[in-house]
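Residue numbers (our numbering): 25 to 395.
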């Protein structure tokens, strides 16, 4: 067995096929037909252009930045690892990560022997920034779905300037934002690295493709580009990113959001009736919930039992949140299946409400990871 076990992803993928997957943050309607067709038609017989010149120009035009600032990656995790390495090679010794948050930020830093400092909110982050650091902000956050407002971004920007730190904004879930708008000021965005992972909004998480947008001043851009392996993006990944900017596909994605909002509201009510204590305040297509009281302390029997029935919830233990799950918006028939299964596990009695866990996060940075 390896001395370095693979990062955890919320539980094993072994078992029967997953019919109703509440653990995924992908679009519940699946891929837009035109996007799926583009990926299926990708030219697998030839290497892509190793410079990805046309793709970078296309993405740059769409974002209004120079193509030189667009760096393709073979997924968000690869981009996180590469950018963290570039920061270390540039003299950074400290990395600030959200808690709870995606574990790859901390895992990438730990693998390089860097100091990891966690923060629970923007104001704690601002207080933490006393030394130059690589600062990760996921907006909306995984797993809470929370998003910084204008006051929070202002506090972070001041601290970044005073400490000489570099911001990275992970926007993996921005296109599936179901409430409000992104409050990231353009001036802060111009000085930050940004990570975009379209495979979630396009419903094709198995196609690994993402890209980084470098800051306007070009900090570390050459180094991050040099650290990329040759042909970092497959033909399918390139096709996915090309489809991402297609107007008809973007229109279809935007048109789907009102339905997801309706599904989210209905699912929230039905899960509350089942005894889940759900944590409000998020804007994404997912949120955190405490399991009903009978399984709050020992969630494994319930999660394993649901998994045996083809229903998967995202165990949040690897986020430092035992007893909680992250659930995503799913179609009504999936919620029907969850309701029937929970009633089976609850026997013939009503499930009691779980004790409130609001604000009860474990602030220890976990090494485990999930997306």
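The beta carbon of each residue, even a glycine, is placed where N, CA and C say it ideally should be.
| query | result |
| --- | --- |
| With a threshold of 16 other CB atoms inside 10 Å of the CB of residue 86, please say whether the residue is buried or exposed. | exposed |
| Suppose the cutoff is 6 Å on Cβ atoms and the five residues either side in sequence are ignored; what does the same chain contact list for residue 367 look like? | none |
| Could you tell me whether the Cβ atoms of residue 173 and residue 207 are closer together than 8 Å? | yes |
| Write down the C-beta distance between residue 103 and residue 219 rounded to the nearest angstrom, noting that I regard them as a contact closer than 8 Å. | 6 Å |
| DSSP on residue 372, reduced to helix/strand/coil? | Per-residue confidence for residue 372 stands at a pLDDT of 33, beneath the threshold of 50, marking its modelled position as unreliable; the derived number appears in the next sentence. Coil. |
| Round the Cβ separation of residue 225 and residue 277 to the nearest angstrom and send it over; I've been treating them as touching at under 8 Å. | 6 Å |
| For residue 171, is the classification buried or exposed, using 16 other Cβ atoms within 10 angstroms of its Cβ as the cut-off for buried? | buried |
| Am I right that residue 351 and residue 338 are in contact with their C-beta atoms under 8 Å? What's the rounded C-beta distance? | 7 Å |
| Where does residue 215 fall in DSSP's three states? | helix |
| Determine contact between the segment 308–324 and the segment 341–349, defined as no fewer than three beta-carbon pairs at a distance below 8 Å. | yes |
| With a Cβ-Cβ cutoff of 8 Å, do residue 93 and residue 237 count as a contact? | yes |
| Let me confirm a value: residue 40 is counted as buried when at least 16 other C-beta atoms fall within 10 Å, else exposed. Which label applies? | exposed |
| Going by the beta-carbon positions, is the gap between residue 202 and residue 284 smaller than 8 Å? | yes |
| Distance check for residue 59 and residue 267, CA to CA, integer angstroms please. | 6 Å |
| Measuring only the C-alpha atoms, how far is residue 240 from residue 152? | 25 Å |
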